[in-house]
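First residue of the sequence shown: 95, per my numbering; consecutive thereafter. The C-beta atom is built at its ideal place from N, Cα and C for all residues, glycine as well. Predicted model, so just to flag it, every value in this text is computed and none were measured. Written out below as structure tokens is the structure these notes cover.
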Amino acid sequence: MAGRVAGKVALITGGGSGIGRATAQIFAREGARVVVADVVVAGGEETVRLIKAAGGEAAFVKTDVSRAAEVEAMVQKAVETYGRLDCAFNNAGIEGVIQPTVEYGETHWDRVLAINLKGVWLSLKYEIQQMLKQGGGAIVNTASVAGLVGLPGFSAYVAAKHGVNGLTKTAALEYAKSGIRVNAVCPGAIRTPMFERGVRDNPGLEEQIVAAEPIARMAAPEEVGEAVVWLCSDAASFVTGLPMAVDGGWVAQ
């Protein structure tokens, strides 16, 4: 039985760890040829190694998504390597610092917005250009539950992720008639390296988060990856402009 994205080419930013790595592996398992992009070379190359060890096809490209020239080169590398670009998962992001709005430093603010919002915009810009040449494609952006509600102490992150959802809806409307679907996933509490850093710096945070989850547990990165691959598959052919919460019901409360 053919995989859900068999024969397609998928690009994943932030593919060197966490949700990005898990999603890259699922794309490969489901038959896609995968381009892994990350600013951290060791992590991206390890994801490629894992995919190849499981019998899949993958290539790595070092990319800082906040730099237009590198994002343009990333898309070009995908097309040069595999001939086209069918699916893209714009996942690269950072958490920033946890501080009240009036205490948030300008340098931290600029860095969070550059990677989490500008990086998604740049990725969309060059991915859509390629997909227009081909006549279609599917894109998923990583937003967050912080793109659906406010979270005290995370002003830059919340602003960026709300922006990602706005970008997602706008691009979906602009390119729907061109055969390009654009959606977002809004993860809740996912056990990733980013989350582990937050827990390390804030004792008791994990217990608070689990207690607030209707499902009463955290999610594995693969649970977000499955949603991403579904959104990129033909099974989701009538889904576009959707900010999909993958959060165990947290924002439904």
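- Message: Looking at Asn277: is its Cβ nearer than 8 Å to the Cβ of Thr334?
- Response: Note that the C-beta distance between Asn277 and Thr334 is below 8 Å.
- Which residues DSSP lists as bridging Phe183, in chain order: BP columns for Phe183 point to Ile106, Val234.
- Inspect the beta-carbon positions of Val46 and Ala254 and report whether they are closer than 8 Å. Past the boundaries of the shown model lies residue 46; the chain is included only from 95 to 347, so the question cannot be answered.
- What residues are listed by DSSP as bridge partners for Asp132? Answer is Lys156.
- Item | Sequence-distant residues of the same chain with beta carbon closer than 8 Å to Glu66, five excluded per side | Here the chain covers residues 95 to 347 and nothing more, so residue 66 does not appear.
- Message: I need the straight-line Cα distance from Gly150 to Glu139, nearest angstrom please.
- Response: Their backbone Cα atoms lie some 14 Å apart in a straight line.
- Task: Quick one: measure Cβ to Cβ for Ala152 and Ala122, integer angstroms, because I've assumed they're closer than 8 Å.
- Result: Between Ala122 and Ala152 the Cβ distance is about 6 Å, and since that is below 8 Å, they are a contact.
- Item | Beta-carbon contacts of Glu316 that lie in its chain and below 6 Å, excluding the five residues immediately before and after | Ala116.
- Message: Would you call the region 197-205 in contact with the region 302-310, where contact means no fewer than 3 C-beta pairs closer than 8 Å?
- Response: The way I'd put it, the region 197-205 doesn't touch the region 302-310; fewer than three beta-carbon pairs between them come closer than 8 Å.
- Message: Ignoring anything shorter than 3 residues, give me the beta strand (DSSP E) runs that lie fully in the region 263-318, in order along the chain.
- Response: Whole beta strand (DSSP E) segments, 3+ residues: 274-281.
- Task: Could you check what DSSP says for Arg123 in three-state terms: helix, strand or coil?
- Result: In the structure shown, the three-state DSSP call for Arg123 is helix.
- Query: Just reading off the alpha helix (DSSP H) that Ala167 is part of, what are its end residues?
  - Reply: Taken as a continuous stretch (DSSP letters only), the alpha helix (DSSP H) holding Ala167 covers 162-176.
- For Asp295, count neighbouring C-beta atoms within 10 Å of its own C-beta (all shown protein chains included) and say buried if the count is 16 or more, exposed if not. Answer is exposed; the Cβ neighbour count stays below 16.
- Task: Pull up the CB-CB distance for Pro337 and Ala237, whole angstroms please, since I reckon it's below 8 Å.
- Result: With 8 Å as the limit, Pro337 and Ala237 qualify as a contact, their Cβ atoms being about 6 Å apart.
- Query: So what's Ala339 in DSSP terms, helix, strand or just coil?
  - Reply: Taken through DSSP and simplified to helix, strand or coil, Ala339 comes out as strand.
- Query: Considering Arg205, what are the terminal residues of the alpha helix (DSSP H) in which it resides?
  - Reply: Note, Arg205: alpha helix (DSSP H), 200-207.
- Message: Let me confirm a value: Glu124 is counted as buried when at least 16 other C-beta atoms fall within 10 Å, else exposed. Which label applies?
- Response: Buried.
- Message: For the alpha helix (DSSP H) containing Val214, name the first residue and the last one.
- Response: Annotation: the continuous alpha helix (DSSP H) that includes Val214 extends over 213-228.
- Item | Beta-carbon contacts of Phe332 that lie in its chain and below 7 Å, excluding the five residues immediately before and after | So no residue of the chain qualifies.
- Of the residues His256, Ser272, Leu216, Ile188, the one placed nearest Gly229, counting alpha carbons only: Out of His256, Ser272, Leu216, Ile188, Ser272 has the C-alpha closest to the C-alpha of Gly229.
- Query: Is the Cβ-Cβ distance between Arg127 and Ser327 less than 8 Å?
  - Reply: No; because the gap between Cβ atoms is not below 8 Å, this pair is not in contact.
- Which residues in the same chain have their Cβ closer than 6 Å to the Cβ of Ala208, if we skip the five residues on either side of it in sequence? Cβ neighbours of Ala208 beyond the five flanking positions: Ser160.
- Task: Give every residue of the same chain whose Cβ lies closer than 7 Å to the Cβ of Met225, excluding the five residues on either side of it in the sequence, and list them in chain order.
- Result: By the criterion of a C-beta distance shorter than 7 Å, Met225 is surrounded in its chain by Leu179, Gly231, Ile274, once the five residues flanking it on both sides are discounted.
- Keeping to the same chain, check which residues put their C-beta closer than 6 Å to that of Ala162; ignore five residues upstream and five downstream. Non-local beta-carbon contacts of Ala162 in its own chain, meaning distances under 6 Å to residues more than five positions away in sequence, involve Leu216 in chain order.
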